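Numbering (this note's numbering), first residue to last: 60 to 199.
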């Protein structure tokens, strides 16, 4: 009896894992909570930052996010959240992103590239290429 229950639980667990992988083959989970307050996001409240669309619960949170974006990106990455990406071009070559297969997860940002060669170039100086992504940038 115990053995059959174990097998049943194992099969159900495997089915859930397969379904989760099929839903998001690139890994990560979508953003559902505000990175500032932790409350449920309102899709009307968002900010585009270095190629990522970040959603918030209210209009007050984007300003708080801008005060320390790295802390909030780190928090989202630790939670396994993959933000909505708004890139249309490779930050290294400038080529349009036709297929979104080559990417790297960098400090809470999923950055897409036209090819693996561009990933290697990005890794030499990430800040240089993050500055080329669409959306707002840190004030220098």
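The beta-carbon is built from N, C-alpha and C at its ideal position, and this holds for glycine as well. Please read these numbers as outputs of a predicted model, since none were measured by experiment.
Query                                                                                                                                                                   : Result
Which term fits residue 146, buried or exposed, when burial requires 16 or more other beta carbons within 10 angstroms of its beta carbon?                              : buried
Would you check if the stretch 136-152 and the stretch 167-176 touch, i.e. whether three or more CB-CB distances between them fall below 8 Å?                           : yes
From the DSSP output, in three-state form, read off residue 138 for me.                                                                                                 : coil
So, for residue 136: in the same chain, excluding its five sequence neighbours on each side, which residues have a beta-carbon less than 8 Å away from its beta-carbon? : 164, 166, 167
Hey, is residue 192's beta-carbon within less than 8 Å of any beta-carbon in chain C?                                                                                   : Going by chain labels, chain C is absent from the structure shown, which holds only one protein chain.
What number of angstroms, rounded off, separates the C-alpha of residue 115 from the C-alpha of residue 88?                                                             : 16 Å
If we count the other Cβ atoms within 10 Å of its Cβ and call it buried at 16 or more, is residue 153 buried or exposed?                                                : exposed
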